[in-house]
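Residue numbers (numbering that gives the first Met the number 0), protein chains in the order written: chain A, 0 to 222; chain B, 0 to 222.
A quick write-up on the structure given underneath.
2 protein chains.
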Amino acid sequence: MFVNLNGNRVHKTRFLGELGNLPQSELVLNEFKYRRGSEIFGESEPAEYVYQVADGAVRSYKLLSDGRRQIGAFHLPGDIFGLENGGVHRFTAEAIVNTTVRLVKRVSLAHVAEQDVTVAHDLLNMTAINLQHAEDHMLLLGRKTSLERVAAFLLEMDRRLTAAGVMALPMCRRDIADYLGLTLETVSRALSVLHDKGILGFLGQTQRQIVLLDRPKLAELDL
Amino acid sequence: MFVNLNGNRVHKTRFLGELGNLPQSELVLNEFKYRRGSEIFGESEPAEYVYQVADGAVRSYKLLSDGRRQIGAFHLPGDIFGLENGGVHRFTAEAIVNTTVRLVKRVSLAHVAEQDVTVAHDLLNMTAINLQHAEDHMLLLGRKTSLERVAAFLLEMDRRLTAAGVMALPMCRRDIADYLGLTLETVSRALSVLHDKGILGFLGQTQRQIVLLDRPKLAELDL
DNA sequence: CGGTGGGTTGAGGTATTTCAAGGCTCGTGG
DNA sequence: CCACGAGCCTTGAAATACCTCAACCCACCG
Numbered sequence: 000m001f002v003n004l005n006g007n008r009v010h011k012t013r014f015l016g017e018l019g020n021l022p023q024s025e026l027v028l029n030e031f032k033y034r035r036g037s038e039i040f041g042e043s044e045p046a047e048y049v050y051q052v053a054d055g056a057v058r059s060y061k062l063l064s065d066g067r068r069q070i071g072a073f074h075l076p077g078d079i080f081g082l083e084n085g086g087v088h089r090f091t092a093e094a095i096v097n098t099t100v101r102l103v104k105r106v107s108l109a110h111v112a113e114q115d116v117t118v119a120h121d122l123l124n125m126t127a128i129n130l131q132h133a134e135d136h137m138l139l140l141g142r143k144t145s146l147e148r149v150a151a152f153l154l155e156m157d158r159r160l161t162a163a164g165v166m167a168l169p170m171c172r173r174d175i176a177d178y179l180g181l182t183l184e185t186v187s188r189a190l191s192v193l194h195d196k197g198i199l200g201f202l203g204q205t206q207r208q209i210v211l212l213d214r215p216k217l218a219e220l221d222l
Numbered sequence: 000m001f002v003n004l005n006g007n008r009v010h011k012t013r014f015l016g017e018l019g020n021l022p023q024s025e026l027v028l029n030e031f032k033y034r035r036g037s038e039i040f041g042e043s044e045p046a047e048y049v050y051q052v053a054d055g056a057v058r059s060y061k062l063l064s065d066g067r068r069q070i071g072a073f074h075l076p077g078d079i080f081g082l083e084n085g086g087v088h089r090f091t092a093e094a095i096v097n098t099t100v101r102l103v104k105r106v107s108l109a110h111v112a113e114q115d116v117t118v119a120h121d122l123l124n125m126t127a128i129n130l131q132h133a134e135d136h137m138l139l140l141g142r143k144t145s146l147e148r149v150a151a152f153l154l155e156m157d158r159r160l161t162a163a164g165v166m167a168l169p170m171c172r173r174d175i176a177d178y179l180g181l182t183l184e185t186v187s188r189a190l191s192v193l194h195d196k197g198i199l200g201f202l203g204q205t206q207r208q209i210v211l212l213d214r215p216k217l218a219e220l221d222l
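Dropping the structure here:
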């Protein structure tokens, strides 16, 4: 083990799951740790690696020149991100909390895909899943009210990261806002409304741990 | 030639371009005509065919239960649409004007892709292009002002369909609005602003033919 | 302990929507 | 050939959902 320039720790491991049963010999790679807030890759940088979240959480986003930010996706343990068809990243990716990622060299993956049809198939599948998420998110961003957006967000997170009834959100209100095309105040108010309606509850004082008390009512708000 | 249930005309032809150099024998298929406003396929219908616009224009959109609509993309001559990785359409597609499409059976395409690596590659490529468009559109929908959205729309259409300096938009203001996450009035006002600033001009009384007089200024508004 | 990084809440401002009126074009039918 | 209605577009005025600005609270941490 050693330490890289960002103070992030590094050691060897193997890529897991989702990419079919890869011939592991081809795809041994590094495991990396990124500190809360540090950048994993930048928009328009050459895409050298493909990443998988081992532990933690990642946001990927685009910026406008004046600093407005749109988060396109949150990546949670098990998720693969940074997969590009062209050679260039189209988002910036940052660790939301201290995060461990596994990575493979993009070219070696492309190489394997040429040999192995199932891997090529998996690549297409993953791209299609990303596309579907983006399509659903366009509907949310273009046409839903703030309450509907927050409800949809909670349901998405509930689906993806609930352990035993409690949702421990890794991201702050500003991240949620930039994901939903709102301001952090509007997100906060929408959560308060849902809380007042008895649809959700908070655990602890941190406001990051949420319990969904009435999923059906939340689903009604989604549409 | 014959006429189908919708009164749309049909005859035989061959699929063109974009899918590499397909072994054409495998992919002979029908050419179809859809009348202005008619549905080509519906959301969540099984995806039997993949389509290419030969002539005309198509919108694909999602609806919320109360009728709010988000158009995810416009398809212009040469564009392929209705390509699904799963077996189900995730948008409704409608002809904006009288439109001719070519179509191949999805299964036969999948079959060819299994044999031919370059076709599989093209499929991934097309999905990745759709993904990129959706990602860019999320930024627009989540973070841009109405003027920026309309400017971006004009630049996109300029790039995709300008013939000799004049842009003949096939879609109405409401379609543009539902694409940009705005109301038709807001789109109309934004166009008026751009017109007043001397950035664009109208041709004829129809307001569908637009001339970009100052592309650099328009690009500034995009960001 | 004081500062910093979240988070909530209130008050006021504003971009966009909603509602409404009017104009133009085009197709249809008397 | 003209009248009429439907569709499309623009523009104004009023309403509103969301944003901005600001104050305050709390937890955490050097």
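Every residue, glycine too, gets a C-beta built ideally from N, C-alpha and C.
Could you check what DSSP says for residue i in three-state terms: helix, strand or coil?
i                 : result
Ile128 of chain B : helix
Leu220 of chain A : helix
Ser37 of chain A  : coil
His88 of chain B  : coil
Gln204 of chain A : coil
Gly19 of chain B  : Annotation note: pLDDT 49 at Gly19 of chain B (below 50); position unreliable, no value reported.
Arg67 of chain B  : coil
Glu83 of chain B  : coil
Glu30 of chain B  : strand
Ala163 of chain B : coil
Ala119 of chain B : helix
Ala72 of chain A  : strand
Leu140 of chain A : helix
Leu168 of chain B : coil
Leu212 of chain A : coil
Val111 of chain B : helix
Identify which residue in the options has its Cα closest to the Cα of residue i.
i                 : options                                  : result
Ala46 of chain B  : B:Ala92, B:Asn129 and B:Gly164           : B:Ala92
Asp78 of chain A  : A:Arg68, A:Gly36, A:Val49 and A:Ser37    : A:Val49
Val96 of chain A  : A:Ala163, A:Glu113, A:Thr161 and A:Phe73 : A:Phe73
Leu154 of chain B : B:Ser187, B:Ile209 and B:Thr126          : B:Ile209
Leu82 of chain A  : A:Leu63, A:Asp135, A:Arg68 and A:Ala119  : A:Ala119
Asp177 of chain A : A:Thr117, A:Arg67, A:His194 and A:Val106 : A:Arg67
Gln69 of chain B  : A:Ser145, A:Pro215 and A:Glu134          : A:Glu134
Arg207 of chain B : B:Thr161, B:Leu222 and B:Gly197          : B:Thr161
Val87 of chain A  : A:Leu220, A:Ser43, A:Leu202 and A:Glu113 : A:Ser43
Met170 of chain B : B:Phe80, B:Ala94, B:Glu38 and B:Ser64    : B:Ala94
Ala189 of chain B : B:Ala163, B:Asp174, B:Ser37 and B:Thr144 : B:Thr144
Glu38 of chain B  : B:Leu28, B:Asp54, B:Pro215 and B:Ser59   : B:Ser59
Arg214 of chain B : B:Leu202, B:Asn129 and B:Gly197          : B:Gly197
Phe80 of chain A  : A:Ala163, A:Ser64 and A:Asn129           : A:Asn129
Val100 of chain A : A:Asp54, A:Arg159 and A:Thr205           : A:Asp54
Quick one, are the C-beta atoms of residue i and residue j less than 8 angstroms apart?
i                 : j                 : result
Phe31 of chain B  : Leu102 of chain B : yes
Val57 of chain A  : Thr98 of chain A  : yes
Leu123 of chain B : Leu122 of chain A : yes
Val149 of chain A : Leu183 of chain A : no
Val52 of chain B  : Leu75 of chain B  : yes
Ser191 of chain B : Arg172 of chain B : no
Leu217 of chain A : Gly200 of chain A : no
Arg89 of chain B  : Gln131 of chain A : yes
Leu62 of chain B  : Lys61 of chain A  : no
Thr126 of chain A : Ala127 of chain B : yes
Leu168 of chain B : Met156 of chain B : yes
Arg140 of chain A : Gly71 of chain B  : Before going further, note that residue 140 of chain A is Leu rather than Arg in the sequence given. Against a cut-off of 8 angstroms, the Cβ pair of Gly71 of chain B and Leu140 of chain A comes out as no contact.
Asp195 of chain B : Ala151 of chain B : no
Leu28 of chain A  : Lys104 of chain A : yes
Which two residues bound the contiguous alpha helix (DSSP H) that contains residue i?
i                 : result
Glu155 of chain B : Ser145 to Leu160
Asp195 of chain B : Leu183 to Asp195
Check the DSSP bridge columns for residue i and list the partner residues they point to.
i                 : result
Tyr178 of chain B : Beta-bridge pairing links Tyr178 of chain B to no other residue.
Ala94 of chain A  : A:Val57
Arg101 of chain A : A:Glu30 and A:Gln51
Leu62 of chain A  : A:Arg68
Leu199 of chain B : B:Leu211
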